[in-house]
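Here the sequence shown stands for residues 1 to 251, numbered as in the working numbering.
No residue lacks a Cβ here, since even glycine has one placed at the ideal position from N, Cα and C.
The block underneath contains the structure these notes are about, expressed in structure tokens.
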Amino acid sequence: GTRAGEPAGAEVAIQEAIAVYAQLAAQAVPGERRDVALGYKTLAEVQQKMGKRQEALANCRRSLENSKSILAESPQDGQAKTDIAQERVLLVSLLLANGQRDEAREQTEGALTELKPLAQAADPDLYYLVDYVALLVGTPFTQFATAEETISHARKAMELMKGVDPETLDLLAKAYDRAGRVVDAIAAERKAIEVLPRLDPGRPTDGRRGALAQTLAGLQAKAAKTGAKRVTQKAWPNTARTAAGSGQALA
């Protein structure tokens, strides 16, 4: 049989959980409507990894519809607003994966328009800032922000997490890469891997570590191809050692 830890097993387990959440939501159990929305989002993410792009897109839409319904009934629900922002990031990714570029561009523009003032606030909510950066570094539509603007927002997110958060370091690496600063990107990606929790001996590499390692390998291949030799600017504050080390390794 298929184990729950495997993608196909996880897919079935999540589908069963959604069915339970939906029954409870129908009984007006507090919080279960959000569980349904989050369940569909998680299902979409699993299906995306399995290569089930159409199914993933359909379930992401279901997640977004449920969250929008919650927000419509409770306009001040900050959690619903955060959920919607994250679901729209996933939706754009899945639209692109399914070749639906026109809708992807429309959704990207709409999401960025809503997120930009939140991300640029003097004291931004980290979730909104990260979603904003994730859209900017992942979109093929480059007209929404300059490379340096994207780097600035990515650095701010990284700094809010004190430079020890793998996700924001990975986003910073992607922002540098989009700007053509591949060695700075390598330094940031190495730091993202470095700050991951230590992997116990004998345990297989987890999905997040594997994804970061794959990104790093791609950046290193690009650097080798283009002959990148040095870091022209610090990749982030107070980490000159890591950036310099990356430059030495490529020299």
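Close Cβ partners of P124 (< 7 Å) along its chain, the five nearest in sequence each way excluded: L118
Close Cβ partners of Y21 (< 7 Å) along its chain, the five nearest in sequence each way excluded: E32, D35, V36 and G39
Between the CA atoms of A97 and R62 - distance to the nearest angstrom: 17 Å
Continuous alpha helix (DSSP H) stretch holding M158: start and end: A147 to L160
Nearest residue (CA-CA) to E106, options R178, Q143, L196 and G180: Q143
Three-state secondary structure (DSSP) of G247: Because G247 carries a pLDDT of 34, less than 50, the predicted location of this residue cannot be relied on, and no value is offered for it.
Whole-angstrom distance between A221 and A13, CA atom to CA atom: 38 Å
Proximity of K116 and Y132 at Cβ, strictly below 8 Å: yes
Beta-carbon spacing of E192, A173 below 8 Å: Checking the sequence, you will find Ala at residue 192 rather than Glu. Yes, the pair counts as a contact, with Cβ atoms nearer than the cut-off.
Close Cβ partners of T108 (< 8 Å) along its chain, the five nearest in sequence each way excluded: V92, L135, T139, F141 and F144
Sequence-distant residues of its chain with Cβ nearer than 7 Å to V164 (five each side left out): V195
Coarse secondary structure for D102, derived from DSSP in three states: helix
Terminal residues of the alpha helix (DSSP H) in which D177 lies: P166 to R178
Top-ranked residue by Cα proximity to E167, from T205, Y127 and T146: Y127
Within 8 Å, strictly: CB atoms of I186 and L212: no
G163 (DSSP reduced to helix, strand or coil): coil
Three-way DSSP call (helix, strand, coil) for N238 in this model: Residue confidence for N238 is low, a pLDDT of 48 falling below 50, so the modelled location carries little weight and cannot support an answer.
A111 versus L24: straight-line alpha-carbon distance, rounded: 31 Å
With 16 other Cβ atoms within 10 Å as the buried cut-off, status of L199: exposed
Closest Cα partner of L64 within the set K81, V29 and R53: K81
Local conformation of K52 per DSSP, three classes: coil
Buried versus exposed call for V183 [16 or more other C-beta atoms within 10 Å across all chains shown]: buried
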